[in-house]
Structure formats: C-alpha cells, structure tokens
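Input: a single structure, listed below in structure tokens.
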Amino acid sequence: MPRYFQLTRKHTYSLLFVLPLLIAYEAGARMISGSAHGLRNGADVLLRSVLSVGGVHGTLGFTAVLAVISILLIIRERRREKVPLQAGVFAGMAAESVVYALLFGIVVGTLTQWVLGSWQLSGGTGVLNRLPLFDGIVLSLGAGLYEELLFRVILVGGLLAIFLSSGVGKKPARIWAAILAALVFSAFHYIGPYGDAFQVPSFMFRFISGLALNALFIARGFGIAAWTHALYDVFLTLTHHG
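Start counting the sequence shown at 7; every next residue gets the next number (our numbering).
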C-alpha cells in the first residue's frame, strides 16, 4: 500500500489517468458546440483566453499545449526514476475516485451545515441544473479536469511555491494555500452570465468543497482529485435529471 500511494502521486500516473477525462470532455464539447447552448466549462474558457494572448488559438492548439507539457513531465520523471506502469494501480485510482465522489457531498454538506448552524443550506441555480442531461454531463467532466487544473495545479501549486520560497514552513504553507485557493474557487462560481446568484450558504458550501478538493490534491495528487470532482458533478447532474 505505501508503494501504491507513492505511485499514484507520480506525474506518470496522474496525467495518464486524466487522459480519458480530457478525451471524453473534448469529444462531448465538440458534439454540443453546435447546439443552442454550445457551452464550455468556465475554467476551460479562462485558460484558453490566457493562452490565446500568447498566440495559442483553437481546440487543437490548446490541447497540443497540454499534451506537450504532459509528455515532457512524464519523460522527465521517467528519466529520473523507474515508474512501472501497472493496470492495478489505475484500477485502484478509479476505485478511490468513485468512493471519494460518493462521500464528497455527504461530508461537505454536513460540515457546511455545521458551520452555518440555523442558516439553511440551499441548492445553487447554476448552469448544470438548467441544461439537458448530456450537456450537463459534458460540463461536469470539464469541471473535474479544468477546474482542478486551474485551481489545484496552478493556484494551489503556485501559492505553495510562493509560501515555501518566502520561508513559510511546509505545513503552514499548505494550510494557507488551501484556504486562499478555496476562497477563489468558491467566488469563481458567481462570475459571468451563467454564474449563480451570490448566497452565503452556497458560497460556504463551495468554499468547504474547495478546501476538501485542495486537501485531496495535496494528499492524493491531480489525477484522483480531477476524477473525484468530475464524478461528483456527474452524480449531481444525474440526480437532478433523475
């Protein structure tokens, strides 16, 4: 088991594990691009906008950038150490993600209600609840992939690097990075024409969700965090349309 937990945090496993998520989202997004909705995940759009400033345009160019970075990280890692590829490890990561996704709403909802006390936790009115089932599932997959890439890999990772380079201890750095990134993550859901109307209960729920995902990313890596987020959103979408 210690070897399993070490392997699953490697770039090789995390990046290969999210590859089906990337393919499924991009294929689904292409299928709905011609519909009346034609939506993409907000974090996906934000990342594309940033890269477009540097001259990277279109789905092919954006995906190529992600692929090149991923390949370079995997090659660099495999040159430094031998990382065996084992199907059982990927199966374990999938099982972990399913379990975490099933427990996520219960744990976060309970913690949020405990924090709010008598303040009732109300459901959000976000875009996923207003879309056809297939569109909602596609955007759920995109949320798992691109929100984890933006808010966990880039934001949490960046904040950790800043805090550690400034001399902050490893544990305080992780705590502050998790808190600040969770605040930004929650606020992100109220931005733009498809964002929710701001409510303290829903903001708190998303803040605690961000904390949980940040902790999962730090403890278990990008791959499991991405799939957990995606599957949780898919489960919510299926429940809403059930």
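A virtual CB, placed ideally from N, CA and C, is assigned to each residue, including glycine. Note that the structure is predicted; figures quoted are calculated from it, not measured.
Neighbour-count burial assignment, residue i, 16 or more Cβ in a 10 Å radius
i, result
"S192", "buried"
"E87", "exposed"
"F204", "exposed"
"L244", "exposed"
"M210", "buried"
"S146", "buried"
Three-state secondary structure (DSSP) of residue i
i, result
"Q92", "coil"
"V174", "coil"
"R15", "coil"
"G148", "helix"
"D3", "For residue 3 there is no data in the structure shown, the boundaries of the chain being 7 and 248."
"L53", "helix"
"L28", "helix"
"Y196", "coil"
Sequence-distant residues of the same chain with beta carbon closer than 8 Å to residue i, five excluded per side
i, result
"P90", "L13"
"T18", "I80, E83, R84, V89 and L91"
"V104", "L237"
"W182", "L165, F169 and V174"
"L222", "Y106, I230, A231 and T234"
"A33", "none"
"F241", "A107, L108 and G111"
C-alpha distance - residue i paired with residue j, whole-angstrom precision
i, j, result
"G150", "R158", "11 Å"
"L219", "H235", "8 Å"
"G216", "S172", "24 Å"
"F68", "G94", "31 Å"
"L165", "A188", "12 Å"
"V113", "E102", "16 Å"
"I29", "K16", "21 Å"
"R9", "V162", "25 Å"
Same chain, Cβ closer than 6 Å to residue i, five either side skipped, listed in chain order
i, result
"A49", "Y152, E153 and L156"
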